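I have placed the structure first, in the form of structure tokens, so that the comments after it can refer back to it.
There are 2 protein chains.
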Amino acid sequence: MTLSEPDFPTPSQGDDCRVVREILDLIGDKWTLYIIATLKDGPVRFNELRRRIDGISQRMLTINLRGLERDGLVKRTLFPTIPPRVDYELTDMGRTLLAPVMTLVMWANRNRETIERARIRFDESQGAQAS
Amino acid sequence: MTLSEPDFPTPSQGDDCRVVREILDLIGDKWTLYIIATLKDGPVRFNELRRRIDGISQRMLTINLRGLERDGLVKRTLFPTIPPRVDYELTDMGRTLLAPVMTLVMWANRNRETIERARIRFDESQGAQAS
DNA sequence: CTGAATCCAACAAGATACTG
DNA sequence: CAGTATCTTGTTGGATTCAG
Numbered sequence: 021m022t023l024s025e026p027d028f029p030t031p032s033q034g035d036d037c038r039v040v041r042e043i044l045d046l047i048g049d050k051w052t053l054y055i056i057a058t059l060k061d062g063p064v065r066f067n068e069l070r071r072r073i074d075g076i077s078q079r080m081l082t083i084n085l086r087g088l089e090r091d092g093l094v095k096r097t098l099f100p101t102i103p104p105r106v107d108y109e110l111t112d113m114g115r116t117l118l119a120p121v122m123t124l125v126m127w128a129n130r131n132r133e134t135i136e137r138a139r140i141r142f143d144e145s146q147g148a149q150a151s
Numbered sequence: 021m022t023l024s025e026p027d028f029p030t031p032s033q034g035d036d037c038r039v040v041r042e043i044l045d046l047i048g049d050k051w052t053l054y055i056i057a058t059l060k061d062g063p064v065r066f067n068e069l070r071r072r073i074d075g076i077s078q079r080m081l082t083i084n085l086r087g088l089e090r091d092g093l094v095k096r097t098l099f100p101t102i103p104p105r106v107d108y109e110l111t112d113m114g115r116t117l118l119a120p121v122m123t124l125v126m127w128a129n130r131n132r133e134t135i136e137r138a139r140i141r142f143d144e145s146q147g148a149q150a151s
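First to last, the sequence lines map onto chains P and S. Just so you know, we're using my numbering here: the first sequence kicks off at 21 and counts up by one. Just so you know, we're using my numbering here: the second sequence kicks off at 21 and counts up by one.
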């Protein structure tokens with residue numbers, strides 16, 4: 021285990037945070053997570069990805085797929101047919117990322133409403149004090 | 021448990037991903053995670069935060085703290101002394117975020133080198149095919 | 001000390017058109 | 001079908017200045 025906090029593992033400021041930043045730079049952008057999620061069940065073709073991910077542009081899909089391929093999270097397979105066909109699929113490492121992401125999903129699901137309420141309350145108190 | 025996938029819980033494209041996006045919008049920016057990590061052991065004053073988080077500007081610290089306060093992850097306590105003093109600390113919900121983040125930290129630590137190698141390999145193969 | 005307000009640079013991302 | 005290239009725009013973040 022990389023971390024050795026006694027009772028509860030918490031991010032140890034200096035080191036870990038930078039590492040997490042790299043990961044967040046990896047998956048923290050607008051589309052990457054959607055792409056990974058869309059690939060979770062197996063290979064998907066380029067335009068199929070585009071159709072399934074609502075609102076993504078051709079450009080962004082290409083760029084993000086390149087990044088994921090570069091990082092070894094996604095494998096690109098070109099079939100040199102006419103018309104050409106390209107399959108994208110998660111690598112083994114890409115699949116291991118699904119688990120950590122899931123803990124975030126669960127946290128999000130559990131706390132979404134609380135956060136929503138906190139926001140409303142905060143915004144109201146801000147509006148009220150504007151005298 | 022919020023998810024009920026049979027063998028392995030994976031992000032279910034439509035729903036969960038949007039929820040995670042909200043969370044990533046929360047912590048996915050450049051500084052929020054550092055702030056949360058810096059607050060993990062208890063209240064910290066504004067300028068102390070600023071000192072401990074290398075490179076952050078006053079403006080960004082303020083903005084991010086406001087956001088965290090708005091979302092109910094951080095509590096702000098103003099001591100109306102002269103000069104004024106403001107303490108920031110994680111709320112209970114804020115602390116629960118540490119655990120999910122940690123799974124990401126661990127994934128990052130485990131896979132950092134692999135990713136680094138993948139990148140080098142990818143970049144080299146790209147340079148090679150540029151004929 | 002703890003901010004708020006303003007201006008500005010850099011980058012991310014959308015729209016569109018073109019190509020093998 | 002699967003991209004690339006270019007242009008434009010929106011957002012983020014840094015620097016600086018001012019205020020309670």
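Every residue gets a Cβ at the ideal spot worked out from N, C-alpha and C, and that includes glycine. Remember, it's a predicted structure, so these values are computed and weren't measured experimentally.
Where the alpha helix (DSSP H) through Leu81(P) begins and ends:
Where Leu81(P) is concerned, the enclosing alpha helix (DSSP H) starts and stops at 78 to 90.
Just to confirm, are Thr58(S) and Arg72(S) a CB contact at a threshold of 8 Å?
With contacts defined by Cβ atoms closer than 8 Å, Thr58(S) and Arg72(S) form a contacting pair.
Taking only three categories from DSSP, how would you classify Asp107(S)?
Residue state for Asp107(S) is assigned as strand, using DSSP reduced to three classes.
CB-CB under 6 Å to Thr174(S), same chain, minus the five flanking residues each way: which ones, in chain order?
Because chain S here runs from 21 to 151, residue 174(S) falls outside it and cannot be looked at.
Any contact of the region 124 to 131 of chain S with the region 129 to 148 of chain P, i.e. 3+ C-beta pairs under 8 Å?
The region 124 to 131 of chain S is not in contact with the region 129 to 148 of chain P.
Under 8 Å Cβ-Cβ, which residues of chain S neighbour Gly75(P)?
Result: empty, since nearest Cβ-Cβ is about 11 Å, beyond 8 Å.
Status (buried if at least 16 other CB within 10 Å, exposed otherwise) for Ser24(S)
Reliability of the predicted coordinates at Ser24(S) is poor, the pLDDT of 35 falling under 50, and the value obtained from them is presented with this limitation in mind. Exposed, since its Cβ has fewer than 16 Cβ neighbours within 10 Å.
Short of 6 Å in beta carbon distance, which residues of its chain neighbour Phe99(S), apart from the five on each side in sequence? Order them along the chain.
Arg105.
Kindly indicate which residue of Phe142(S), Val39(S), Arg41(S) has the alpha-carbon position closest to the one of Lys95(P).
Relative to the Cα of Lys95(P), the nearest Cα in the group Phe142(S), Val39(S), Arg41(S) belongs to Phe142(S).
Mapping DSSP to helix, strand and coil, what is Arg71(S)?
Three-state result, Arg71(S): helix.
Distance, Leu118(S) Cα to Gly147(S) Cα
Cα atoms of Gly147(S) and Leu118(S): separation of roughly 40 Å, rounded to the nearest angstrom.
Sort Asp74(P), Leu81(P), Met113(P) by Cα distance to Leu93(P) and report the nearest one.
Closest option to Leu93(P), Cα to Cα, is Met113(P).
Taking only beta-carbon positions, decide if Ile120(S) is within less than 8 Å of chain P.
As written in the sequence, residue 120(S) is Pro, which differs from the Ile given in the question. Yes, its Cβ sits closer than 8 Å to a Cβ of chain P.
Give me whichever residues DSSP pairs with Thr97(S) in a beta bridge.
The bridge partners DSSP lists for Thr97(S) are Asp107(S).
Kindly examine the ligand NAP and report whether one of its heavy atoms sits closer than 7 Å to the Cβ of Ile135(S).
In the structure on display, the ligand NAP does not appear, and there are no ligands present to speak of.
Using only the alpha-carbon positions, how far apart do Arg65(S) and Ala128(P) sit?
Roughly 28 Å separates the two Cα atoms.
For Pro63(S), count the other beta carbons within 10 Å of its own beta carbon; 16 or more makes it buried, fewer makes it exposed. Which is it?
Pro63(S) is classed as exposed because its beta carbon has fewer than 16 other beta carbons within 10 Å across all chains shown.
Contacts of Val106(S) in chain P (Cβ-Cβ under 8 Å)
Within 8 Å Cβ-Cβ: nothing; Val106(S) doesn't reach chain P, min ~16 Å.
Taking Cβ positions, are Asp91(S) and Ala138(P) nearer each other than 8 Å?
Result yes, Cβ atoms of Asp91(S) and Ala138(P) sit closer than 8 Å.
C-beta neighbour in chain S for Leu117(P), strict 8 Å
Interface residue, yes.
I want to verify the contact list: residues of chain S whose CB lies under 8 Å from the CB of Arg70(P), in sequence order.
Under the 8 Å cutoff, chain S gives no residues; its nearest Cβ is about 14 Å from Arg70(P).
If we cut at 8 Å on Cβ distances, does Phe142(P) have a partner in chain S?
It does; some Cβ of chain S falls within 8 Å.
Applying the criterion that 16 or more other CB atoms from any shown protein chain within 10 Å of the CB defines a buried residue, is Pro120(S) buried or exposed?
With a 10 Å radius around the Cβ and a threshold of 16 neighbouring Cβ atoms, Pro120(S) comes out buried.
Would you verify that the beta carbon of Thr82(S) is, or is not, closer than 8 Å to some beta carbon of chain P?
By this cut-off, Thr82(S) is not an interface position.
Any beta carbon of chain S sitting closer than 8 Å to that of Ile43(P)?
Closer than 8 Å to some Cβ of chain S, the Cβ of Ile43(P) qualifies, so yes.
Arg65(S) bridges to which residues according to DSSP?
Answer is Asp107(S), bridged to Arg65(S).
Cβ separation of Arg70(P) and Leu81(P), assumed to be a contact under 8 Å, to the nearest whole Å
Indeed, because the Cβ distance is near 6 Å, the residues count as touching under 8 Å.
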